[in-house]
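In what follows, a single structure is set out as structure tokens and then discussed.
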Amino acid sequence: MTITDAFTAPGITRPTPSPAAVALAIQCRRAKSLADTAPVRFEALPAAPAVSAAGGEVQFVVRPTCLADWARWTTALGIHNVRRMKSTGTATVVRFELDGVRGRLIGVGVPALLAQTYGPKGAAHHA
Numbered sequence: 003m004t005i006t007d008a009f010t011a012p013g014i015t016r017p018t019p020s021p022a023a024v025a026l027a028i029q030c031r032r033a034k035s036l037a038d039t040a041p042v043r044f045e046a047l048p049a050a051p052a053v054s055a056a057g058g059e060v061q062f063v064v065r066p067t068c069l070a071d072w073a074r075w076t077t078a079l080g081i082h083n084v085r086r087m088k089s090t091g092t093a094t095v096v097r098f099e100l101d102g103v104r105g106r107l108i109g110v111g112v113p114a115l116l117a118q119t120y121g122p123k124g125a126a127h128h129a
């Protein structure tokens with residue numbers, strides 16, 4: 003007789019998952035669901051996103067061609083605080099929450115678009 007699951011043997015019980023493990027599993031499931039529905043949900047927005055989910059967080063990677071495209075993405079995701087945006091040099095990264103799921107929007111090329119429009123960081127701007 004072969005037992006395929008050790009926990010089905012007599013006298014063996016499966017350990018109860020911790021509340022933290024259960025919460026993470028729920029968060030991962032919600033992030034995966036959001037990632038799966040994102041292409042249809044945001045199809046009207048420019049620059050189709052590459053969407054993935056991992057660790058209970060959803061990640062959107064977009065390549066806007068102008069700042070108006072970037073503004074549409076940030077508005078659609080409910081991102082209003084530009085102070086939370088961080089530049090990596092080639093991309094702008096901003097964290098947000100959508101439908102109770104933690105998220106990260108990565109705008110590839112956004113720093114270059116900003117520099118093109120507003121000049122290099124630290125440059126004097128004249129009205």
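Residue numbers (our numbering): 3 to 129. For every residue, glycine included, the Cβ atom is placed at its ideal position computed from N, Cα and C.
To the nearest angstrom, how far is it from the Cα of residue i to the Cα of residue j?
i: Leu79; j: Ala52; result: 15 Å
i: Ala25; j: Arg43; result: 25 Å
i: Val64; j: Val110; result: 6 Å
i: Leu47; j: Pro17; result: 46 Å
i: Arg97; j: Thr15; result: 41 Å
i: Thr39; j: Pro113; result: 28 Å
i: Thr119; j: Asp71; result: 14 Å
i: His128; j: Leu36; result: Any reading at His128 must be qualified, since the residue scores a pLDDT of 48, below 50, and its modelled position is unreliable; the value itself is stated next. Their Cα atoms are separated by approximately 43 Å.
i: Leu130; j: Pro41; result: Here the chain covers residues 3 to 129 and nothing more, so residue 130 does not appear.
i: Ser54; j: Ile108; result: 12 Å
Kindly indicate the opening and closing residues of the beta strand (DSSP E) around residue i.
i: Ser54; result: Ala52 to Ala56
i: Leu36; result: Unbroken run through Leu36 is the alpha helix (DSSP H), Pro21 to Arg43; no beta strand (DSSP E).
i: Ala93; result: Ala93 to Leu100
Residue i lies in the alpha helix (DSSP H); which residues open and close that run?
i: Val63; result: That residue, Val63, is in no alpha helix (DSSP H); its beta strand (DSSP E) goes Glu59 to Val64.
What whole-angstrom Cβ distance do residue i and residue j have, given they're in contact under 8 Å?
i: Phe62; j: Gly102; result: Contact doesn't hold; Cβ gap of about 16 Å is too wide.
i: Met87; j: Thr77; result: Met87 to Thr77, Cβ: 14 Å. No contact.
Kindly confirm or deny that the segment 57-71 and the segment 20-39 touch, where touching means at least three C-beta pairs closer than 8 Å.
-> yes
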